[in-house]
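Read through the structure below, which is laid out as structure tokens, and then see the notes.
Number of protein chains: 2
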Amino acid sequence: MKLVFLGTGTAFPTPERNHSGTYIDIGPEAFLFDCGEGTQRQMAIAKIGSSKITKIFISHWHGDHVLGLAGLMQSMQMSNRPHEIHIYGPEETKHRFELMRKTFGIGLSFHYIIIEVKGTTKPQKIIDEADYEIWAVKTIHPVPCLAFKYIKKPLRRIDIGYVSKFGIKAPHPILKKLADGKNIKWEGKVIKAKDATYIKPGIKISYVIDSAYSKHLSAFAKESDILICESTFGADMQDAATLKGHMTTKEAGKIAKDAQVKELIITHISQRYKDPITLLKEAKSVFPNTKIAHDLMEIKF
Amino acid sequence: MKLVFLGTGTAFPTPERNHSGTYIDIGPEAFLFDCGEGTQRQMAIAKIGSSKITKIFISHWHGDHVLGLAGLMQSMQMSNRPHEIHIYGPEETKHRFELMRKTFGIGLSFHYIIIEVKGTTKPQKIIDEADYEIWAVKTIHPVPCLAFKYIKKPLRRIDIGYVSKFGIKAPHPILKKLADGKNIKWEGKVIKAKDATYIKPGIKISYVIDSAYSKHLSAFAKESDILICESTFGADMQDAATLKGHMTTKEAGKIAKDAQVKELIITHISQRYKDPITLLKEAKSVFPNTKIAHDLMEIKF
Numbered sequence: 001m002k003l004v005f006l007g008t009g010t011a012f013p014t015p016e017r018n019h020s021g022t023y024i025d026i027g028p029e030a031f032l033f034d035c036g037e038g039t040q041r042q043m044a045i046a047k048i049g050s051s052k053i054t055k056i057f058i059s060h061w062h063g064d065h066v067l068g069l070a071g072l073m074q075s076m077q078m079s080n081r082p083h084e085i086h087i088y089g090p091e092e093t094k095h096r097f098e099l100m101r102k103t104f105g106i107g108l109s110f111h112y113i114i115i116e117v118k119g120t121t122k123p124q125k126i127i128d129e130a131d132y133e134i135w136a137v138k139t140i141h142p143v144p145c146l147a148f149k150y151i152k153k154p155l156r157r158i159d160i161g162y163v164s165k166f167g168i169k170a171p172h173p174i175l176k177k178l179a180d181g182k183n184i185k186w187e188g189k190v191i192k193a194k195d196a197t198y199i200k201p202g203i204k205i206s207y208v209i210d211s212a213y214s215k216h217l218s219a220f221a222k223e224s225d226i227l228i229c230e231s232t233f234g235a236d237m238q239d240a241a242t243l244k245g246h247m248t249t250k251e252a253g254k255i256a257k258d259a260q261v262k263e264l265i266i267t268h269i270s271q272r273y274k275d276p277i278t279l280l281k282e283a284k285s286v287f288p289n290t291k292i293a294h295d296l297m298e299i300k301f
Numbered sequence: 001m002k003l004v005f006l007g008t009g010t011a012f013p014t015p016e017r018n019h020s021g022t023y024i025d026i027g028p029e030a031f032l033f034d035c036g037e038g039t040q041r042q043m044a045i046a047k048i049g050s051s052k053i054t055k056i057f058i059s060h061w062h063g064d065h066v067l068g069l070a071g072l073m074q075s076m077q078m079s080n081r082p083h084e085i086h087i088y089g090p091e092e093t094k095h096r097f098e099l100m101r102k103t104f105g106i107g108l109s110f111h112y113i114i115i116e117v118k119g120t121t122k123p124q125k126i127i128d129e130a131d132y133e134i135w136a137v138k139t140i141h142p143v144p145c146l147a148f149k150y151i152k153k154p155l156r157r158i159d160i161g162y163v164s165k166f167g168i169k170a171p172h173p174i175l176k177k178l179a180d181g182k183n184i185k186w187e188g189k190v191i192k193a194k195d196a197t198y199i200k201p202g203i204k205i206s207y208v209i210d211s212a213y214s215k216h217l218s219a220f221a222k223e224s225d226i227l228i229c230e231s232t233f234g235a236d237m238q239d240a241a242t243l244k245g246h247m248t249t250k251e252a253g254k255i256a257k258d259a260q261v262k263e264l265i266i267t268h269i270s271q272r273y274k275d276p277i278t279l280l281k282e283a284k285s286v287f288p289n290t291k292i293a294h295d296l297m298e299i300k301f
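Protein chains in written order, with our numbering: chain U, 1 to 301; chain W, 1 to 301.
Structural data, given as structure tokens:
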């Protein structure tokens, strides 16, 4: 499982930072959070194919978050994508997606499903799978914009060593009951789930991009293992940040601190900052366990 | 004056080759031929600003030639572009441009003028300025597609050394007549234009991209100093090339040879070719003075 920052800049790309795009590989499938212009080339550079991506999450329809979608769709089409794709985005995503197809003549023979999420400050569970959930919440930005959260559910696993003492060899159908947390009987003996299993903890990754500071975002990111948070501006540009619906380094730090996350990664760095060290220092002054994202940065989790 | 290859690949970008985009700086202004996804980032890497670009020429509306236009327009807008831009493209360019603006909510406060060119196999002069012309011709491709040609006109210049012998110091209003090719009288003496001036030769650059082979393209590129020609495929993929409306290396070479150009630069190289040497050899076997373009390649002229 890994997280790859495909683009960590804003609207003006720089040689160092492309527009927004974050890839999360959760094992059997992968997600793409935002798809700014040039995302598919960043994927090529990172040796990431498009076929594993099952879901794309668009935070909002500002160019630096979505202008790569047309190209990615065309490439998926040319690659004869065999399976469907789900695209989540704010209001108007369906209409804009179809306009985009019309503009550039994008014919798609694979199935695509667009799910519009009307953002609210109360978090909404938008996906509930057996082993993970995705949540969305509204951000504070001039256009409808969503933050997302991936939660891998904690998983009860069999302690193979323990059950083997009873002569059960995995895989065995009876183990399913244990995995469900139920005690079993085996050759006259009771094997308790609490002894024969352990909990593999889940993981929580929050993606808060393009928003002014707001307390509800801390609540949303509560106890995340990783909080990816926009930090377009340095602390000296507080007024510009608030005005434009963005955060400063210190505000990103405050979100992380209040949310008691394990790690903060700041991204969406304005082109005006050539040296990221000052930004990192500022965020760290509020929340010490902070990293600053750079393009193609990879984090295993 | 320089030519910069911003992108030399096709629909699938590779770490080495971005989608189509060619920048031509003619001194007081600059042109962009095609604007594939990621073109503005390639410009940033090449340290090329957008403000000097006065005209954009779109060959056709396939994604790899046009998906960077929205981002470039947005960046021009955010840079408070003071002057207008002219965008030339095939049929439907106006309609698609406006759809594109609507899709991505692109507000433009600078003036833009879109000129649709209905391509014909007979070349059309689409721009006639004092010192240069631009011509367009239809190519052979599944959608309306244009090839372009830039012609810098030959210019009569004053031989400053010669006129100074007569005591005329430049700049002097009387020199205008000489520059127009007329003889003048000066202190009782006749100064002949043919002695006092010389012709600075013009230059011809042809841009033929996304087309199957066709003789009329040789006629169009006739005696170009530089012919930039698509060569999507190697000679072994002749059938695929023709079917898809593209050329092979050898066909690009044949266009150059028949057109008696000075130099051929092949570009629009399919992602399947990791090693360009074979392609270059094939083109050279037909037209020896051939180069293969690579991203950010710069040619002064």
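Ideal Cβ placement from N, Cα and C applies to all residues, glycine included.
#1: Is the segment 103-114 of chain U touching the segment 201-221 of chain U in the sense that three or more CB pairs, one from each, lie closer than 8 Å?
#2: Kindly indicate which three-state DSSP category U:His-86 falls into: helix, strand or coil?
#3: Are U:Lys-2 and U:Glu-282 close, meaning C-beta to C-beta below 7 Å?
#4: Got a sec, what are the start and stop residues for the alpha helix (DSSP H) U:Arg-157 sits in?
#5: According to DSSP, is U:Leu-227 helix, strand or coil?
#6: Should the segment 216-235 of chain W be regarded as contacting the segment 182-189 of chain W, the criterion being three or more beta carbon pairs within less than 8 Å?
#7: Does U:Pro-142 come within less than 7 Å of chain W when only Cβ atoms are used?
#8: What is the residue span of the beta strand (DSSP E) that U:Leu-217 lies within?
#9: Provide the residue span of the beta strand (DSSP E) that contains U:Gln-271, from first to last.
#10: Which residues mark the beginning and the end of the beta strand (DSSP E) in which W:Gln-124 is found?
#11: Mind checking whether W:Ile-265 and W:Ile-209 have CB atoms under 7 Å apart?
#12: Of the choices U:Ala-147, U:Met-237, U:Ser-224 and U:Lys-153, whose alpha-carbon is the least far from that of U:Asp-128?
#13: So does the segment 20-36 of chain W actually touch the segment 51-66 of chain W, counting three or more Cβ pairs closer than 8 Å?
#14: Name, in chain order, the residues that DSSP records as bridge partners for U:Tyr-23.
#15: Check whether the Cβ atoms of W:Leu-99 and U:Thr-103 lie closer than 7 Å to each other.
#16: How far does the alpha helix (DSSP H) with W:Phe-104 in it extend, from its first residue to its last?
#17: Looking at the unbroken alpha helix (DSSP H) that takes in W:Val-66, where does it start and where does it end?
#18: Go ahead and pull the three-state DSSP assignment for U:Glu-37.
#19: Between which two residues does the beta strand (DSSP E) harbouring W:Ile-184 extend?
#20: Quick check: what's the CA-CA separation for W:Asp-239 versus W:Asp-64?
#21: Under a three-way DSSP split, which group does W:Glu-116 fall into?
#22: Let me know the secondary structure DSSP gives W:Thr-54 once reduced to three states.
#23: Report the option in U:Lys-94, U:Thr-121, U:Thr-120 and U:Phe-233 whose CA atom is closest to the CA atom of U:Ile-114.
#24: Do we get a CB-CB distance below 7 Å when we pair W:Pro-13 with the residues of chain U?
#25: Is the segment 3-12 of chain U in contact with the segment 188-202 of chain U, if contact means three or more CB pairs nearer than 8 Å?
#26: Got a sec: which bits of the segment 219-233 of chain W sit with their beta carbon under 7 Å from any beta carbon on chain U, in order along the chain?
#27: Could you give the DSSP three-state label for W:Ser-75: helix, strand or coil?
#28: Note the first and the last residue of the continuous alpha helix (DSSP H) segment covering W:Lys-254.
#29: Where W:Asp-225 and U:Gly-7 are concerned, what is the direct C-alpha to C-alpha distance, given to the nearest angstrom?
#30: Compare the C-beta of U:Leu-146 with all C-beta atoms of chain W and state if any pair is closer than 7 Å.
#31: With a CB to CB cut of under 8 Å and the five nearest residues on each side skipped, what residues in its chain are close to W:Phe-166?
#32: Where does W:Leu-146 sit, in a helix, a strand or coil, going by DSSP?
#33: Mind the definition here: the segment 267-286 of chain W touches the segment 236-254 of chain W only if three or more C-beta pairs lie below 8 Å; say whether that holds.
#34: Name the two residues that bound the continuous alpha helix (DSSP H) containing W:Ala-240.
#35: How is W:Ile-45 classed by DSSP in three states: helix, strand or coil?
Quick answer:
#1: no
#2: strand
#3: no
#4: Run containing U:Arg-157: none in the alpha helix (DSSP H); it sits in the beta strand (DSSP E), 155-158.
#5: strand
#6: no
#7: no
#8: First-last for U:Leu-217: 215-221, but that is the alpha helix (DSSP H), not the beta strand (DSSP E).
#9: Unbroken run through U:Gln-271: none, as it is neither H nor E.
#10: 124-128
#11: no
#12: U:Lys-153
#13: yes
#14: U:Val-4 and U:Leu-32
#15: yes
#16: 93-104
#17: 63-66
#18: coil
#19: 184-186
#20: 22 Å
#21: strand
#22: strand
#23: U:Lys-94
#24: yes
#25: no
#26: none
#27: helix
#28: 249-259
#29: 39 Å
#30: no
#31: Trp-186, Glu-187, Lys-189 and Ile-191
#32: strand
#33: yes
#34: 238-244
#35: helix
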